[in-house]
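Inspection log for the structure reproduced underneath, given as structure tokens.
Chains as they are written, first to last, in the working numbering: chain A, 27 to 129; chain B, 305 to 407; chain C, 2 to 98.
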């Protein structure tokens, strides 16, 4: 395809640890193994980070995940050095609200 | 030039469809009602068929509803802020109103 | 194409993208596509205490459909040029009808 498409720039995130924020407000972290122009995403060794106001972040292992592009809000390239320094057990915050606007 | 002259009245003055009204509001202050109880007032510089817009000198008013813990009365609180230049995504727009002329 | 071209002219400038879940991300506009998906670099979240979810993210891709607002650097926007392009696009659309 000759037409310039920006999603090709997710190339730079390939095989990097990435954070995907989904439309329903979940945070999933994993190794980006693939994507397409619909922003369908393949994450290897994916984990969900479940945020709570009353307890630290709970990490739920998910394994190999395919996330449908429609449900992808943000794809972020994780700086692993910074990520290692974050003490998730002591991070308390409300879960992100869903992106979809209520009726 | 001749063809341009013939088309000019159609293109610039008449209101045949809803968006024509918006064209006449270019460079004027408009009122925009948004989803999730947000209202904007600002000068309209551009829009497209999705109602994506660029506004300047924007005042945003966000209305939140809170229930008083003791009396259980509903309290509406308005939060205002100003933004010098703002792109507004059309899918969150409910209505756009042309400038209110001074009577 | 109006806003696609407009955002392309703002590549390299600092913007604040406000999402429909109230998360505000400021960063440098790296690229944009026809769906107004955007890539931002060197990002910070405006309210990190409320939104610590992206603390270790420095570069990100934002799907256009999740954007509510983009706050723009007003000194970098030529409003005259913008409204002229808008009128031109409207005229072109009418002539095509």
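Even for Gly, the Cβ is constructed at its ideal location relative to N, Cα and C. Bear in mind that the values here come from a model prediction, so they are computed numbers and not experimental data.
For this session: Just the chain C side, please: which residues come within less than 7 angstroms of residue 35(A) by C-beta, in chain order?
Result: 32 and 40
Problem set entry | residue 129(A) classed as buried or exposed, judged by whether at least 16 other C-beta atoms fall within 10 angstroms | At residue 129(A), the pLDDT of 42 sits below 50, so the modelled position is not reliable and the matter cannot be decided from this model.
Exercise. Based on Cα-Cα distance, which residue from 69(C), 64(C) and 16(C) lies nearest to residue 43(C)?
Worked result: Nearest to residue 43(C) by alpha-carbon distance, out of 69(C), 64(C) and 16(C), is 16(C).
Exercise. Per DSSP, residue 357(B) is paired with what?
Worked result: According to DSSP, which records beta bridges pairwise, residue 357(B) is partnered with 351(B) and 392(B).
For this session: Please decide whether residue 61(C) counts as near chain A, where near means a Cβ-Cβ distance under 8 angstroms.
Result: yes
Exercise. At a CB-CB cut-off below 7 angstroms, which residues of chain B make contact with residue 35(C)?
Worked result: None at all; the shortest Cβ gap to chain B is about 12 angstroms.
For this session: Would you mind sorting residue 89(A) into buried or exposed? The rule is 16 or more other CB atoms within 10 Å of its CB.
Result: So residue 89(A) ends up on the exposed side.
For this session: Between the Cα of residue 348(B) and those of 328(B), 320(B), 341(B) and 342(B), spot the shortest distance and give me the residue it belongs to.
Result: 328(B)
Problem set entry | is_contact[residue 3(C), chain B] using C-beta, thresh 8 angstroms | yes
Exercise. Alpha helix (DSSP H) containing residue 84(C): first to last residue?
Worked result: Note, residue 84(C): alpha helix (DSSP H), 80-97.
Exercise. Around the C-beta of residue 392(B), are 16 or more other C-beta atoms found within 10 angstroms, so that it is buried, or is it exposed?
Worked result: buried
Exercise. Do the CB positions of residue 384(B) and residue 370(B) come within less than 8 angstroms of each other?
Worked result: no
Exercise. Could you give the distance in angstroms between the alpha-carbon of residue 388(B) and the alpha-carbon of residue 372(B)?
Worked result: 34 angstroms
For this session: Entirely within the segment 41-111 of chain A and at least 4 residues each: give me those alpha helix (DSSP H) ranges in chain order.
Result: 106-111
Problem set entry | Continuous alpha helix (DSSP H) stretch holding residue 9(C): start and end | In the DSSP assignment, residue 9(C) falls within the alpha helix (DSSP H) that extends over 3-9.
Problem set entry | Other residues of its chain near residue 63(C): CB distance less than 8 angstroms, five sequence neighbours each side excluded | 18, 20, 26, 38, 39, 40 and 41
Exercise. Buried or exposed: residue 69(C), going by 16 or more other Cβ atoms within 10 Å of its Cβ?
Worked result: buried
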